[in-house]
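K.L.:
Note that the sequence shown covers residues 64 to 472 in our numbering.
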Amino acid sequence: MTERCDLLITNANAATMDPSIPGGYGAIEDVAIAVTGGRIVWIGPRNELPDCAADDVVDGEGCWITPGLVDCHTHLVYGGHRASEFARRLGGESYEEVARAGGGILSTVRATRAASAEDLYRAAEPRLQALLSEGVTTVEIKSGYGLELDTELKQLRTARRLAQHYPVDIVTTCLAAHALPPEYDGRADEYIDLVCEEILPAVAKEQLADAVDMFCESIAFSVDQCQRVINCAKELELPVKAHAEQLSQSGATAMAANAGALSVDHVEYINNMDVAAMAENGTVAVLLPGAFYTLKETRVPPVESLRASGVCMALSTDLNPGSCPIASLRLMMNMGCNLFGLTPAEALAGVTRSAARALGLCCSRGVLRAGLRADMVLWPMDTPDQLAYEFGALKPAKIYFGGRNVTAG
Ligand code: DI6
Ligand code: FE
64 MTERCDLLIT
74 NANAATMDPS
84 IPGGYGAIED
94 VAIAVTGGRI
104 VWIGPRNELP
114 DCAADDVVDG
124 EGCWITPGLV
134 DCHTHLVYGG
144 HRASEFARRL
154 GGESYEEVAR
164 AGGGILSTVR
174 ATRAASAEDL
184 YRAAEPRLQA
194 LLSEGVTTVE
204 IKSGYGLELD
214 TELKQLRTAR
224 RLAQHYPVDI
234 VTTCLAAHAL
244 PPEYDGRADE
254 YIDLVCEEIL
264 PAVAKEQLAD
274 AVDMFCESIA
284 FSVDQCQRVI
294 NCAKELELPV
304 KAHAEQLSQS
314 GATAMAANAG
324 ALSVDHVEYI
334 NNMDVAAMAE
344 NGTVAVLLPG
354 AFYTLKETRV
364 PPVESLRASG
374 VCMALSTDLN
384 PGSCPIASLR
394 LMMNMGCNLF
404 GLTPAEALAG
414 VTRSAARALG
424 LCCSRGVLRA
434 GLRADMVLWP
444 MDTPDQLAYE
454 FGALKPAKIY
464 FGGRNVTAG
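Here's what the structure looks like:
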C-alpha cells in the first residue's frame, strides 16, 4: 500500500460482499478503507491499517459501507409513457392482450421513434437521477423501442451521452429483438434478418452496445429466432443475455445458457433443466420483482432451486414504461425478499456482486476489495439487513464514484 493516499475512511463498518470473507455480507466491522487514484488500495480491520497519511480523512460516523449498487437491467431511455395502459390493466385487460392489440411495447416504439434525441435525453435524466440518489453507480440501459436502425442508434447514443454527464458507468445493450415492428407484421423472420444483417452490425461498428439482448416469448420471438440473434452476436463478438420465461415456458433459458449467455432475465417459468443449464454455464438469473408486481403475476421464480444449484441471482428494476415504471433499486431489494423469498444478504448480493456478474463485470464492480474501483455508499444504519427491510427514509449519507464524493445536495 502507498504511504500517502487520497482518501481514508474509518469509524465505519463494511459489507464488502466479497465472497472470500465469511458471512453473507462479507462484513468487516471497524473497517478502514484507503483510496488512491480512484481505487481501493487497502481495506481491512482498522487496527491492521499500515501507517498511512491521507489528503482527505473521512469519519464514517458508524455508517455501514457497501459497494456502489448496480442496476443490471433497465430500459430507461424511451419516449412517452403508458399511464392509459395501466388503467386498462386495472380494468382487467392483461399485459399480453394490450400488447396484441397494438399497445404495450409498440406504443412506446411509436413515441420513441417520434422523440428527438434531446427529448429522449431529457426524459431519461430524472429516471437516472432517481437511481443515482439511491447509491447506484453502474446502470445497464437497453435499446429496443426503436426496432429500426436509426431509432435503435438514437436510444443507444442517448444512453452513452448520459454517462458523459452523470457520475455513473453506463453499460449498453442492443435489444432490437424486443418486439415485431408493425411494418414487419407477419414477417418475423424477415425482421430477424434485418436485426442480424443491418442493425447489430451497425451498432457493433459504432461500438454502441456492450451486449445483445432478446425477448423470447409468444408475444415476441421464438427460440429459433432468438438462436439466430445469438449466433449473429457471437460473430460480432458481443456477449448475450435474454428476456426469457417471463410469461410462459419455452426452453429459451436453457438455449441461451448453453450458448454462454451472461444472464437470463425474469425466469419465472424456468424448469429444472433450465436451472441445470444456468448452473453449468455460470449464467446469472436476473430476478425482476417489480415487473412481477406490476403485472400482478402469480408464478414466482424457483428461488430455492436456483439457490440449491448455486446459480447466481441478481435483482434489478427492469425500469420501463410498461411492466415496471418504478425507478427504485432499493424497493426491488424489499420486493425480492417479500415476493420471491430472498434473504436480505442475497438481495444485497443481487444488486452488487451478482448484478456486476450479469454485466460481465464480475471482477471489477460490486465488491469492496483492494485493487477495485472505489464505488462506495455509506449508509446510516446499524446492520446491512436494514437495506432490504426499510424503504423511504434510509438514504445514502455519502456516495463515492471512483473515489470521488458525488453525494447530491
Ligand atoms: N420484458 C420486459 O420486462 C420489458 N421488455 C421485455 O421484453 C417490458 C417492456 C415494455 O412493456 O415496454
Ligand atoms: Fe426488461
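Quick reminder that beta carbons are idealized off the backbone N, C-alpha and C, glycines included.
Would you please state the rounded distance, in angstroms, between the beta carbons of R145 and T171? I believe it to be under 8 angstroms.
P.N.:
About 7 angstroms; that satisfies the 8 angstroms criterion.
K.L.:
For Y463, which residues in the same chain have their Cβ closer than 6 angstroms to its Cβ, ignoring the five residues on either side in sequence?
P.N.:
If we look at Y463 and ignore the five residues flanking it on each side, its Cβ neighbours are A437, M439.
K.L.:
Specify, as a first and last residue, the run of the alpha helix (DSSP H) that H228 falls within.
P.N.:
Taken as a continuous stretch (DSSP letters only), the alpha helix (DSSP H) holding H228 covers 212–228.
K.L.:
Decide if K359 is buried, meaning its Cβ has at least 16 other Cβ atoms within 10 Å, or exposed.
P.N.:
It counts as exposed.
K.L.:
Have a look at A267, S311, A222, Q218 and flag the residue whose alpha-carbon is nearest the alpha-carbon of E159.
P.N.:
Answer by Cα proximity: S311.
K.L.:
Quick check: what's the CA-CA separation for G155 versus F149?
P.N.:
About 10 angstroms.
K.L.:
Measure the beta-carbon distance from Y141 to L191 and round it to whole angstroms, keeping in mind my assumption that it falls under 8 angstroms.
P.N.:
With a Cβ gap of about 12 angstroms, Y141 and L191 do not count as contacting.
K.L.:
Are the stretch 341–356 and the stretch 102–113 touching by the rule of at least three beta carbon pairs closer than 8 angstroms?
P.N.:
Not touching, per the Cβ criterion.
K.L.:
For L153, collect the residues of the same chain with a Cβ closer than 8 angstroms to its Cβ; drop the 5 residues on either side in sequence, then sort them by chain order.
P.N.:
Cβ within range, chain order: n/a, list empty.
K.L.:
Just to confirm the assignment, what range does the beta strand (DSSP E) spanning Y463 have?
P.N.:
Where Y463 is concerned, the enclosing beta strand (DSSP E) stretches over 461–464.
K.L.:
Candidates A320, F355, V338, G429: which alpha carbon is nearest H329's?
P.N.:
Closest option to H329, Cα to Cα, is F355.
K.L.:
What does DSSP give as the partner residues of C279 in its beta bridges?
P.N.:
In the DSSP output, where bridge partners are listed per residue, C279 has F284, A307.
K.L.:
Where do the ends of the alpha helix (DSSP H) carrying G413 lie?
P.N.:
407–413 is the span of the alpha helix (DSSP H), which, as asked, contains G413.
K.L.:
Whether or not the stretch 255–263 and the stretch 120–136 are in contact is what I'm after, with contact meaning three or more pairs of Cβ atoms, one per stretch, closer than 8 angstroms; do they touch?
P.N.:
No, because fewer than three Cβ pairs between the stretch 120–136 and the stretch 255–263 fall closer than 8 angstroms, the two stretches do not touch.
K.L.:
State the DSSP-derived secondary structure class of D273, mapped to helix, strand or coil.
P.N.:
D273: coil per DSSP, three-state reduction.
K.L.:
Between G404 and V366, which are expected to be in contact by the criterion C-beta below 8 angstroms, what is the C-beta distance as a whole number of angstroms?
P.N.:
Indeed, because the Cβ distance is near 5 angstroms, the residues count as touching under 8 angstroms.
K.L.:
Could you pull the DSSP bridge partners for T201 from this structure?
P.N.:
In the DSSP output, where bridge partners are listed per residue, T201 has V133, D232.
K.L.:
In the DSSP assignment, what residue or residues form a beta bridge with C426?
P.N.:
Answer by DSSP bridge pairing: none, since C426 is not bridged.
K.L.:
Report, in whole angstroms, the separation of the C-beta atoms of G131 and T73, which I expect to be a contact under 8 angstroms.
P.N.:
Rounded, the Cβ-Cβ distance is 20 angstroms, inconsistent with contact.
K.L.:
What does DSSP give as the partner residue(s) for S326 in the beta ladder?
P.N.:
K304, V347.
K.L.:
List the DSSP bridge partners of D122.
P.N.:
Note: D122 sits in a beta bridge opposite T73.
K.L.:
Would you decide whether A456 is buried or exposed? Buried here means 16 or more other CB atoms lie within 10 Å of its CB.
P.N.:
That one is exposed.
K.L.:
Check this for me: beta carbons of G209 and E203, under 8 angstroms apart or not?
P.N.:
No; because the gap between Cβ atoms is not below 8 angstroms, this pair is not in contact.
K.L.:
Among residues of its own chain, excluding the 5 on either side of C237, which ones have a beta-carbon nearer than 6 angstroms to its beta-carbon?
P.N.:
Counting only Cβ-Cβ distances below 6 angstroms, and skipping sequence neighbours, we find S206, V266, A272, V275.
K.L.:
Confirm, please, whether the CB-CB distance from L402 to A451 is below 8 angstroms.
P.N.:
Not a contact, by the Cβ cut-off of 8 angstroms.
K.L.:
If you follow the alpha helix (DSSP H) that P189 is in, where does it begin and where does it stop?
P.N.:
Per DSSP, P189 belongs to the alpha helix (DSSP H) from 180–195.
K.L.:
Only counting the same chain, and skipping five residues up and downstream in sequence, which positions put a Cβ closer than 6 angstroms to that of G166?
P.N.:
These residues qualify, in order along the chain: E148.
K.L.:
Can you confirm whether the stretch 419–439 touches the stretch 177–190 when touching is taken to mean that 3 or more C-beta pairs between the two stretches lie within less than 8 angstroms?
P.N.:
No, the stretch 177–190 does not touch the stretch 419–439.
K.L.:
According to the neighbour-count rule (16 or more other Cβ atoms, all chains shown, within 10 Å of its Cβ), is T316 buried or exposed?
P.N.:
With 16 or more Cβ atoms within 10 Å of its Cβ, T316 is classed as buried.
K.L.:
Output needed for T65: all residues of its chain with C-beta closer than 7 angstroms, excluding positions within five of it in sequence on either side, in chain order.
P.N.:
Below a pLDDT of 50, predicted positions are generally treated as unreliable, and T65, at 49, falls in that range; no measurement from the model is reported.
K.L.:
Under the rule that 16 or more other beta-carbon atoms within 10 Å means buried, what is K268, buried or exposed?
P.N.:
Classification of K268: exposed, given that the 10 Å Cβ count is below 16.
K.L.:
If the criterion is Cβ atoms closer than 8 angstroms, does the pair A193 and S386 meet it?
P.N.:
It is not a contact, given that the beta carbons lie outside the stated cut-off.
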